[in-house]
Amino acid sequence: MIRRVIERPCTLAMLVGFQFAFMVYFSFGGLRSLGSIFGHSSEPNYDYSSTHDVYENLSLVHQGVYPRTQEDKLLYRCPERSPHLVGPITVSFSRVPDLKKTKSRNPLVIRGGEYNPPNCEARHKTAVIIPHRNREMHLRHLLYYLHPFLQRQQLHYRIYIVHQAGDSTFNRAKLLNVGVKEALRDEDWDCLFLHDVDLIPENDHNLYVCDPWSPKHVSIAMNKFSYSLPYPLYFGGVSALTPVQYMKMNGFPNEYWGWGGEDDDIATRVRLAGMKIARPPLSVGHYKMVKHKGDQGNEENPHRFDLLIRTQRMWTTDGMNSLTYKLLSRELQPLYTNVTVDIGLDPREKKPVRNRGPTPPPKLHQSNETKVVAGQKPDQSHLSSNDSDANMESPSETKDGAMEVPVESKKEESARIVANEPKRLEQKDQPIRVLRSQGDRRAEPSGVKTHGARKRGLRVKRESLRTELENKIQKPSSISQQEV
Numbered sequence: 085m086i087r088r089v090i091e092r093p094c095t096l097a098m099l100v101g102f103q104f105a106f107m108v109y110f111s112f113g114g115l116r117s118l119g120s121i122f123g124h125s126s127e128p129n130y131d132y133s134s135t136h137d138v139y140e141n142l143s144l145v146h147q148g149v150y151p152r153t154q155e156d157k158l159l160y161r162c163p164e165r166s167p168h169l170v171g172p173i174t175v176s177f178s179r180v181p182d183l184k185k186t187k188s189r190n191p192l193v194i195r196g197g198e199y200n201p202p203n204c205e206a207r208h209k210t211a212v213i214i215p216h217r218n219r220e221m222h223l224r225h226l227l228y229y230l231h232p233f234l235q236r237q238q239l240h241y242r243i244y245i246v247h248q249a250g251d252s253t254f255n256r257a258k259l260l261n262v263g264v265k266e267a268l269r270d271e272d273w274d275c276l277f278l279h280d281v282d283l284i285p286e287n288d289h290n291l292y293v294c295d296p297w298s299p300k301h302v303s304i305a306m307n308k309f310s311y312s313l314p315y316p317l318y319f320g321g322v323s324a325l326t327p328v329q330y331m332k333m334n335g336f337p338n339e340y341w342g343w344g345g346e347d348d349d350i351a352t353r354v355r356l357a358g359m360k361i362a363r364p365p366l367s368v369g370h371y372k373m374v375k376h377k378g379d380q381g382n383e384e385n386p387h388r389f390d391l392l393i394r395t396q397r398m399w400t401t402d403g404m405n406s407l408t409y410k411l412l413s414r415e416l417q418p419l420y421t422n423v424t425v426d427i428g429l430d431p432r433e434k435k436p437v438r439n440r441g442p443t444p445p446p447k448l449h450q451s452n453e454t455k456v457v458a459g460q461k462p463d464q465s466h467l468s469s470n471d472s473d474a475n476m477e478s479p480s481e482t483k484d485g486a487m488e489v490p491v492e493s494k495k496e497e498s499a500r501i502v503a504n505e506p507k508r509l510e511q512k513d514q515p516i517r518v519l520r521s522q523g524d525r526r527a528e529p530s531g532v533k534t535h536g537a538r539k540r541g542l543r544v545k546r547e548s549l550r551t552e553l554e555n556k557i558q559k560p561s562s563i564s565q566q567e568v
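Residue numbers (the numbering used here): 85 to 568.
In structure tokens, the structure reads:
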């Protein structure tokens with residue numbers, strides 16, 4: 085009977101249909117992507133030849149019914165998709181924006197770079213984290229476009245600038261780890277947007293919200309790559325992850341100092357953590373890059389390929405669970421929260437070790453002319469007689485914190501040895517003579533032989549005594565009683 089039921093055409097059709105739906109849902113993120121199987125996109129195509137000013141009718145975003153209390157605001161939740169989106173945005177880098185003018189055009193952005201829709205309760209809370217050093221011009225462009233871009237999407241957001249202090253090699257991935265940790269101290273953000281400072285979004289339909297199932301790579305069409313994806317596993321530029329997804333892959337690697345390699349490492353981590361990379365449609369993820377030359381301190385990483393080979397073995401131990409840094413300052417600027425940190429040095433760099441302790445007081449150096457009064461011994465009570473280098477001058481610290489060893493001249497060296505090395509003068513009125521042999525640097529009074537000279541003298545004396553005794557033995561009659 086069961087065989088008859090299975091062989092019915094309707095039963096077979098139902099099984100095939102359920103199997104097909106199951107595959108579509110888990111492979112393409114839901115039934116909404118059904119059209120992508122047949123080569124058709126559910127998202128509209130945008131005409132980038134006709135763009136809009138990002139500040140166009142921005143005041144309409146803030147209009148509407150303003151709730152009197154927080155309880156009333158909960159009744160007015162923002163729509164799932166904002167009605168204030170305009171599509172392609174005009175992006176130009178001909179003039180560098182002024183930060184004061186940018187702030188005046190975004191009056192509802194509070195100190196620290198935070199914004200919350202005033203007329204409805206935001207559905208999404210996004211932290212935008214930007215690693216930064218020596219990119220002030222790029223930062224001005226990004227803040228000018230990003231603030232109205234996010235306000236049109238009716239998001240509760242905050243912009244964090246993570247600044248790497250010092251002149252050591254730049255480490256983008258480690259700065260992003262620091263930014264995530266500092267941002268999660270302020271708020272339970274739904275989404276973490278990891279954003280390069282030189283990329284400007286060109287379409288406000290590119291929503292800055294996370295995919296609940298997979299890490300999302302957002303900047304899939306950059307003008308640098310002719311608005312196409314360079315290769316399937318590319319994960320650089322702008323990406324979005326929930327805090328759970330970020331911790332599941334142990335964050336980003338900390339060992340990539342310099343340019344290149346960390347993006348591919350991150351894409352590998354996503355796969356090793358059992359997740360897939362989600363992307364918006366190619367017509368939506370448009371970004372324009374600010375042109376710039378290579379940064380000093382962010383040269384190409386020559387070890388990136390060696391590190392990529394180790395990703396599968398090291399991703400569980402290199403990341404958020406091994407993050408170390410020193411928070412130097414945290415400032416609430418009008419348009420962003422500035423987090424300045426010391427993330428250490430590249431262990432492969434050959435630089436002088438910095439003294440991170442308190443700066444010692446300056447030491448007085450001895451003059452070139454050291455006077456020793458005849459008949460007096462220098463005070464060497466704190467030194468042992470066998471310690472030949474105990475009173476060497478300790479290294480001094482330079483302005484940048486590096487340890488500097490003083491270089492002394494021959495005259496200074498002689499003065500130091502005379503003043504500091506232990507001496508035993510047998511004749512008080514004798515002047516002191518400095519021996520410069522490499523084997524023995526002790527100060528001796530003139531007329532006193534060195535250890536080697538004394539040894540040779542004793543050997544000669546013994547030989548002469550032996551010869552004299554042999555001669556007297558041969559002539560026993562000539563030996564006197566006193567000599568015996």
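Ideal Cβ positions, reconstructed from N, Cα and C, are used throughout, including at glycine.
Which residues mark the beginning and the end of the alpha helix (DSSP H) in which residue i is found?
{"i": "proline 327", "result": "327–332"}
{"i": "asparagine 78", "result": "Residue numbering for the chain in the displayed model covers 85 to 568; residue 78 lies beyond these limits and cannot be assessed."}
{"i": "tyrosine 228", "result": "220–236"}
{"i": "isoleucine 350", "result": "346–356"}
{"i": "arginine 397", "result": "395–398"}
{"i": "lysine 187", "result": "183–188"}
Select from the options the residue whose C-alpha is nearest the C-alpha of residue i.
{"i": "asparagine 422", "options": "Gly197, Pro93, Phe319", "result": "Gly197"}
{"i": "glycine 276", "options": "Ala211, Pro316, Arg242, Ser252", "result": "Sequence check: residue 276 is leucine here, not glycine. Nearest C-alpha to leucine 276: Ala211."}
{"i": "leucine 226", "options": "Lys300, Glu286, Glu554, Leu411", "result": "Glu286"}
{"i": "aspartate 272", "options": "Leu411, His222, Asp348, Pro327", "result": "Pro327"}
{"i": "isoleucine 284", "options": "Tyr228, Cys294, Gly428, Glu415", "result": "Tyr228"}
{"i": "valine 374", "options": "Glu164, Gly250, His222", "result": "His222"}
{"i": "histidine 136", "options": "His168, Glu164, Arg161, Leu325", "result": "His168"}
{"i": "valine 145", "options": "Cys162, Leu411, Tyr244", "result": "Cys162"}
{"i": "isoleucine 350", "options": "Met398, Leu268, Asp426", "result": "Met398"}
{"i": "valine 180", "options": "Gly321, Asp282, Pro365, Phe319", "result": "Asp282"}
{"i": "arginine 363", "options": "Tyr241, Gly321, Tyr199", "result": "Gly321"}
Measuring only the C-alpha atoms, how far is residue i from residue j?
{"i": "threonine 401", "j": "leucine 407", "result": "10 angstroms"}
{"i": "alanine 206", "j": "isoleucine 393", "result": "43 angstroms"}
{"i": "arginine 224", "j": "proline 296", "result": "31 angstroms"}
{"i": "cysteine 94", "j": "glycine 101", "result": "10 angstroms"}
{"i": "leucine 115", "j": "glycine 369", "result": "Reliability fails at leucine 115, whose pLDDT of 42 lies under 50, so the model's placement of it is uncertain and the value that follows must be treated cautiously. Answer to the nearest angstrom: the Cα atoms are 21 angstroms apart."}
{"i": "leucine 142", "j": "glycine 263", "result": "29 angstroms"}
{"i": "phenylalanine 122", "j": "serine 367", "result": "Only weak support is given to the placement of phenylalanine 122: the predicted model assigns it a pLDDT of 38, under 50, and the value that follows is read from those uncertain coordinates. Computed Cα separation, rounded: 17 angstroms."}
{"i": "leucine 317", "j": "proline 299", "result": "12 angstroms"}
{"i": "glutamine 248", "j": "arginine 353", "result": "24 angstroms"}
{"i": "arginine 236", "j": "arginine 432", "result": "45 angstroms"}
{"i": "tyrosine 409", "j": "serine 303", "result": "29 angstroms"}
{"i": "proline 191", "j": "asparagine 261", "result": "30 angstroms"}
{"i": "aspartate 430", "j": "aspartate 251", "result": "11 angstroms"}
{"i": "proline 418", "j": "valine 246", "result": "15 angstroms"}
{"i": "glutamine 396", "j": "serine 312", "result": "28 angstroms"}
{"i": "tyrosine 139", "j": "leucine 239", "result": "16 angstroms"}
{"i": "proline 436", "j": "leucine 412", "result": "Confidence at proline 436 is low in this model, with a pLDDT of 49, below 50, so the placement of that residue is unreliable and no value is reported for it."}
{"i": "glutamine 329", "j": "arginine 165", "result": "24 angstroms"}
Let's test the definition: count the other Cβ atoms within 10 Å of the Cβ of residue i and tell me whether it reaches 16, buried, or not, exposed.
{"i": "valine 544", "result": "exposed"}
{"i": "alanine 257", "result": "buried"}
{"i": "asparagine 405", "result": "exposed"}
{"i": "alanine 97", "result": "exposed"}
{"i": "asparagine 129", "result": "exposed"}
{"i": "asparagine 640", "result": "In this structure the chain extends from 85 to 568, so residue 640 is not present and cannot be described."}
{"i": "leucine 291", "result": "buried"}
{"i": "serine 188", "result": "exposed"}
{"i": "tyrosine 371", "result": "buried"}
{"i": "arginine 219", "result": "buried"}
{"i": "glycine 541", "result": "exposed"}
{"i": "threonine 551", "result": "exposed"}
{"i": "aspartate 182", "result": "exposed"}
{"i": "leucine 416", "result": "exposed"}
{"i": "glutamine 147", "result": "exposed"}
Please list the terminal residues of the continuous beta strand (DSSP E) segment that includes residue i.
{"i": "alanine 249", "result": "Alanine 249 -> no beta strand (DSSP E), and no H or E assigned at all."}
{"i": "valine 67", "result": "Residue 67 is absent from the model: the chain starts at 85 and stops at 568."}
{"i": "serine 413", "result": "410–416"}
{"i": "threonine 135", "result": "Note, threonine 135: premise wrong, no beta strand (DSSP E); not H, not E."}
{"i": "phenylalanine 277", "result": "275–279"}
{"i": "tyrosine 371", "result": "370–373"}
{"i": "leucine 317", "result": "Neither: leucine 317 is in no beta strand (DSSP E) and is coded neither H nor E."}
{"i": "histidine 208", "result": "That residue, histidine 208, is in no beta strand (DSSP E); it is neither H nor E in DSSP."}
{"i": "isoleucine 284", "result": "283–285"}
Would the C-beta of residue i count as close to the ligand FMN, meaning under 7 angstroms from any of its heavy atoms?
{"i": "arginine 165", "result": "Within the structure as shown, the ligand FMN is missing, as the structure has no ligands at all."}
If we count Cβ pairs, one from each stretch, closer than 8 angstroms, do we get three or more for the segment 298–315 versus the segment 184–200? no
Practice problem: Count the CB pairs spanning the segment 412–430 and the segment 350–368 that are closer than 8 angstroms, and state whether there are at least three. | Solution: no
Check whether the segment 173–187 touches the segment 229–243, counting contact only when three or more Cβ pairs, one atom from each stretch, lie closer than 8 angstroms. yes
Q.
Three Cβ pairs or more, each shorter than 8 angstroms: is that satisfied between the segment 243–255 and the segment 333–350?
A. yes
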